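Protein chains in written order, with my numbering: chain G, 1197 to 1399; chain E, 1197 to 1399. Glycine included, every Cβ here is placed at the ideal spot set by N, Cα and C. Predicted, not measured: the structure shown is a model, and the values here were computed from it. The next block holds one structure in the form of structure tokens; read it before the comments.
2 protein chains.
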Amino acid sequence: MTSDTPGTTRPGGRTARNTAAVLEATLDELGEHGYAGLTVERVSARSGVHKATVYRRWGGVEGLLSAALEWSTTHPWEPERTGALHTDLLALNTTVLHGFTEAPEGSVSAASVAAAFSSPRVAEALRAFMTDRHARAAVLVTEAVARGEVPDGTDPVEVVRSAVAPVYYRLFVSREPVTREDLDLAARVAADAAAGGSFVPRS
Amino acid sequence: MTSDTPGTTRPGGRTARNTAAVLEATLDELGEHGYAGLTVERVSARSGVHKATVYRRWGGVEGLLSAALEWSTTHPWEPERTGALHTDLLALNTTVLHGFTEAPEGSVSAASVAAAFSSPRVAEALRAFMTDRHARAAVLVTEAVARGEVPDGTDPVEVVRSAVAPVYYRLFVSREPVTREDLDLAARVAADAAAGGSFVPRS
DNA sequence: GTCATAACGCAACTCTAGTTGCATTTGTAG
DNA sequence: CTACAAATGCAACTAGAGTTGCGTTATGAC
């Protein structure tokens, strides 16, 4: 038995081209038809990669979505700075709103939230994605602490969650329109509560 | 042409029995297999009502879900009173958590949030459902205003949204576990912000 | 260059969701 | 009680998602 080489994976050439083509087609399809219209057959046709190949490599629609989401996690992202926590969080909320409503990233993100309900795999990818975003946005709060705007010991991620949660709530749960005033109110409430020490863990 | 009577609907007898059987089967199926496992064929088999009939009357899974959601809107619900806004909102958040995670109502609610992404009909039913809940929960805030805990002019529904949004955010977006401390923090932040006048509309 | 094999393309297949035409049952008006 | 039509049951059908066996291509090691 020469079984010390049980088989090598081969990431190069055609395989890499197919991966790129399928992922790109997935994003395009999501942008055009949304999650409800996302089907393996269409992605296959659009990418020129055979249907059976897509099923074998990604396992189905959920796998395509997970891959697309993981791909967008790799894209570097950094929040804007405006000089004060309240306006920083407002800018963050604006970014969130755009990032979940406008194609193409918006289609991926919103579709992932939807698919996470029925696919543990997508749910896990979404969790990882949001954790990454939390960590990146938390810098806004730690900087506010450094500026003395917010007391020491404040939980930065908790402030971020508090600021963005009402936006997601309106978008995906209560299904209400989201105005600029809504974004501002959520940001202001979170910033004020942070300044007041509400996010410093109690003993 | 005797066409002055174009046809009468008939709500009685067998039709009513079928409606009840199908709705009950829908709730049971949701509780057992969740939204991903909700299928017309299973509901049809469980209820004893023929598949074609279900498709004709409800149009498919989305229709079943809308009907179940509208049915649960009719159920009267009233928030608990504890005597103070902070603890009122904590109790509300506890109810929200239960109402979206425990069968059978939890299955309906969570499934509706999921289905609203791909079905405008479910989205509209969900919006109506949440509007109803907002209105009922808002009483907690108006009573706090009456007690003098919260300034006049406070937007009650906005306080409710602020309190519950982080719960939904963790449940459905960031997919993080929800602890009692999380419920309390969200309630406290909302109550403090309300007491501080953050929810009084600016000029 | 040559060779073993991972990855792919292809076609035919299964399975299930959803539809349709028609006969039958069953409320409801008179 | 009788008659009409709405609602249902039934069975056969269509369509599309997902699977499988097998031959072909192309990658990476030698």
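Beta carbon of residue i, beta carbon of residue j: below 7 Å?
| i | j | result |
| --- | --- | --- |
| A1359/E | A1383/E | yes |
| V1304/G | A1264/G | yes |
| P1275/E | A1331/E | no |
| A1217/E | V1257/E | no |
| F1395/E | D1328/E | no |
| V1432/E | A1391/E | Lying outside 1197 to 1399, the shown extent of chain E, residue 1432/E is not represented and no answer is given. |
| Y1365/E | Y1364/G | yes |
Comparing C-alpha positions only, which one of the options sits nearest to residue i?
| i | options | result |
| --- | --- | --- |
| H1229/G | T1211/G, G1302/G, A1216/G | G1302/G |
| E1354/E | L1379/E, D1380/E, S1370/E, A1389/E | A1389/E |
| E1225/G | H1246/G, F1368/G, W1254/G, L1260/G | L1260/G |
| A1426/G | W1267/G, V1250/G, T1338/G | Since the displayed chain G opens at 1197 and closes at 1399, residue 1426/G lies outside it and no answer follows. |
| V1250/E | N1214/E, T1278/E, R1277/E, T1269/E | N1214/E |
| R1376/G | R1317/G, P1347/G, H1294/G, G1393/G | H1294/G |
| R1210/E | G1392/E, S1243/E, L1381/E | S1243/E |
| D1380/G | T1235/G, T1270/G, T1283/G, G1233/G | T1283/G |
| G1255/E | R1398/E, V1385/E, R1317/E | R1317/E |
Among the residues of its own chain, which have a CB less than 6 Å from the CB of residue i, if the five just before and after it don't count?
| i | result |
| --- | --- |
| G1227/E | A1299, P1300, S1303 |
| G1393/G | P1347 |
| G1349/G | V1396 |
| V1292/E | V1360, V1363 |
Residue i: buried (16+ other C-beta within 10 angstroms of its C-beta) or exposed?
| i | result |
| --- | --- |
| P1272/E | exposed |
| A1387/E | buried |
| R1357/E | buried |
| D1378/G | buried |
| A1212/G | exposed |
| A1319/E | buried |
| R1398/E | exposed |
| T1270/G | exposed |
With a CB to CB cut of under 8 Å and the five nearest residues on each side skipped, what residues in its chain are close to residue i?
| i | result |
| --- | --- |
| T1297/E | A1306, L1367 |
| G1233/G | E1225 |
Ignore the nearest five residues each way along the sequence and tell me which others in residue i's own chain have a CB closer than 7 Å to its CB.
| i | result |
| --- | --- |
| E1266/G | A1321 |
| K1247/G | V1236, E1237, S1240 |
| S1268/G | E1301, V1304 |
| R1253/E | none |
| V1385/E | none |
| R1277/E | D1284 |
Counting pairs of beta carbons, one from the stretch 1278-1292 of chain G and one from the stretch 1326-1342 of chain E, are three or more of them closer than 8 Å? no
Evaluate the contact criterion for the stretch 1305-1324 of chain E versus the stretch 1309-1328 of chain G: three or more CB pairs, one atom per stretch, below 8 Å. yes
Touching by the beta-carbon criterion (3+ pairs, under 8 Å), the stretch 1239-1251 of chain G and the stretch 1213-1225 of chain G: yes
Is the stretch 1366-1385 of chain E touching the stretch 1314-1332 of chain G in the sense that three or more CB pairs, one from each, lie closer than 8 Å? yes
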